[in-house]
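Numbering (this note's numbering), first residue to last: 4 to 381.
For every residue, glycine included, the Cβ atom is placed at its ideal position computed from N, Cα and C.
Working notes for the structure below.
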Amino acid sequence: MKRAIIITGGAGFIGSHVVRLFVNKYPEYKIINLDKLTYAGNLANLKDVEGKPNYKFVKMDICDFEGVYKLMQDEHVDGIIHLAAESHVDRSIKDPFTFAQTNVMGTLSLLQAAKLYWESLPEKWEGKRFYHISTDEVYGALELTHPQGIEPPFSTKASSGKHHLAYGDKFFTEDLKYLPHSPYSAAKAASDHFVRAYHDTYGMPTVVTNCSNNYGPYQFPEKLIPLFINNIRHKKPLPVYGKGENVRDWLYVEDHARAIDLIFHEGKIAETYNIGGFNEWKNIDLIKVLINTVDRLLGRAEGEDLNLITYVTDRAGHDMRYAIDSSKLQKELGWEPSLQFEEGIEKTVRWYLENQDWMDNVTSGDYQKYYEEMYKGR
Ligand code: NAD
Ligand code: DAU
4 MKRAIIITGG AGFIGSHVVR LFVNKYPEYK IINLDKLTYA GNLANLKDVE GKPNYKFVKM
64 DICDFEGVYK LMQDEHVDGI IHLAAESHVD RSIKDPFTFA QTNVMGTLSL LQAAKLYWES
124 LPEKWEGKRF YHISTDEVYG ALELTHPQGI EPPFSTKASS GKHHLAYGDK FFTEDLKYLP
184 HSPYSAAKAA SDHFVRAYHD TYGMPTVVTN CSNNYGPYQF PEKLIPLFIN NIRHKKPLPV
244 YGKGENVRDW LYVEDHARAI DLIFHEGKIA ETYNIGGFNE WKNIDLIKVL INTVDRLLGR
304 AEGEDLNLIT YVTDRAGHDM RYAIDSSKLQ KELGWEPSLQ FEEGIEKTVR WYLENQDWMD
364 NVTSGDYQKY YEEMYKGR
């Protein structure tokens, strides 16, 4: 095999798309999916690749330093693409310790295992890469603004030169200072700092990316889009936090996976790249698109389910707006999102409606209890 790459968190939402892309595109690489299989990890996400000769699954906790070190030695690993994390903001508000353990200590354990193994080789860092996947939430929150009195969304031109709709005149750029607000984003920020420190202190060849909200197949239905699609289907209430005015910048998950492939191979060492879709949506407007799409695809009258919208107590510390400026990545490496949002949402809704078994499987048992607890009193 030409390369041996560990992809951590490969049984999760984004990780499973990255594993699929790498296994299919690079038969000459050995792809090792290292995942603890928490509630969010699901090997059913990878049924189509599990029999391929260049794919291997290893059930392991990234915090298991000895285990990771031995795996790297045994498999002669020369690349790590690190996605494993606790990823849900609401869970981090209830249980911050697990987030610090996995996202901070787990990342540190991987870094140290990679450092010891790679430094022990004659060629040392040459041909090696540690790629850390992070989030735009480390930058904090942006405001909704009204430049020259124009009501958002207004048309603006990104530094990439393209027009898009925006809810404010500021964007997350790579040089912004970190200002995380939730325990989740604080833990991700800390892990980003450790990755940078391993480059600056030891010379490890690292790269970090900070991406906006992903959507698409195989996302665990605690996150807005799959949760709401499933609730609309079953005519269950849609718990909209606060006034539904928060803004997120949505990117189709396969476009994120393509960016990861490009940056793993061609990104500059020690650089940070922001990844986003220039695709801002106010939650309530997005929710209405979901309702109309589900209703249409199920043959219901359009808008029949608008009455499911239920405003509930806001998320504590709820960030108002995320908006990524991904023009550095577009200019330096030529990446662009391939899908229009309308197309991506249609594909996504169809996928969840056609894969009810997958949904039933992940929403049964413990998750049901968690979900009821989460919305009790909201
Ligand atoms: P996810 O919650 O769907 O999947 C996380 C995966 O990590 C699961 O398979 C889980 O079993 C595994 N995992 C958790 N703890 C582990 C541990 N201690 N050891 C080994 N495996 C462990 O997450 P996701 O939404 O796919 O996000 C993947 C990564 O991308 C995360 O690092 C997240 O911070 C980042 N990210 C996500 C988004 C998004 O919109 N989902 C956007 C930007 C960045
Ligand atoms: O920006 C990238 C981040 O996007 C990732 O780093 C996180 O891992 C990922 O979970 C996501 O974080 P968000 O908190 O933005 O995603 P979530 O799907 O939880 O919520 C999207 C928006 O919808 C947010 O403003 C909160 C709101 N919301 C969410 C849920 C689950 C609701 O109004 N009701 C809900 O039930």
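At the level of alpha carbons, what is the spacing between residue i and residue j?
| i | j | result |
| --- | --- | --- |
| Q76 | A87 | 20 angstroms |
| Y218 | W253 | 7 angstroms |
| G302 | R236 | 11 angstroms |
| P224 | L124 | 43 angstroms |
| E122 | K73 | 14 angstroms |
| N249 | R6 | 42 angstroms |
| Y370 | Y42 | 8 angstroms |
| D264 | K28 | 10 angstroms |
| S19 | V365 | 15 angstroms |
| F331 | L311 | It should be pointed out that residue 331 corresponds to Lys in this sequence rather than to Phe. Going by the C-alpha atoms only, they are around 41 angstroms apart. |
| K59 | E376 | 36 angstroms |
| R324 | R251 | 6 angstroms |
| K33 | L40 | 20 angstroms |
| F102 | E154 | 38 angstroms |
| L49 | A304 | 35 angstroms |
| A161 | Q222 | 29 angstroms |
| V292 | L336 | 32 angstroms |
| G152 | I348 | 31 angstroms |
Between residue i and the ligand NAD, is there a pair consisting of the residue's CB and a ligand heavy atom that are separated by less than 7 angstroms?
| i | result |
| --- | --- |
| A87 | yes |
| I17 | yes |
| G270 | no |
| N217 | yes |
| I327 | no |
| M11 | The residue you asked about is not Met; residue 11 is Thr in the sequence shown. T11 Cβ: within cutoff of the ligand NAD. |
Quick check: does the Cβ of residue i come within less than 7 angstroms of any heavy atom belonging to the ligand DAU?
| i | result |
| --- | --- |
| P242 | yes |
| Y255 | no |
| D98 | no |
| R251 | yes |
| T41 | no |
| D139 | yes |
| K127 | no |
| S90 | yes |
| N233 | no |
Name the two residues that bound the continuous alpha helix (DSSP H) containing residue i.
| i | result |
| --- | --- |
| R23 | 16 to 28 |
| R353 | 344 to 357 |
| K291 | 286 to 300 |
| N234 | 227 to 236 |
| F102 | 99 to 102 |
How far does the beta strand (DSSP E) with residue i in it extend, from its first residue to its last?
| i | result |
| --- | --- |
| R6 | 6 to 11 |
| V210 | 209 to 214 |
| D38 | 32 to 38 |
| I84 | 82 to 85 |
| H166 | 166 to 169 |
| L124 | Note, L124: premise wrong, no beta strand (DSSP E); not H, not E. |
| I312 | 312 to 315 |
| D252 | 250 to 255 |
| T138 | 132 to 138 |
| K160 | 157 to 160 |
Assuming contact is defined by CB atoms lying nearer than 8 angstroms, are residue i and residue j in contact in what I supplied?
| i | j | result |
| --- | --- | --- |
| A192 | P186 | no |
| F267 | G82 | yes |
| T275 | E177 | yes |
| G306 | I294 | yes |
| I84 | I35 | no |
| T316 | A273 | no |
| I278 | H259 | yes |
| E146 | G171 | yes |
| V80 | V52 | no |
| S188 | E126 | no |
| D98 | H135 | no |
| W338 | A47 | no |
| V256 | L300 | no |
| V92 | R318 | yes |
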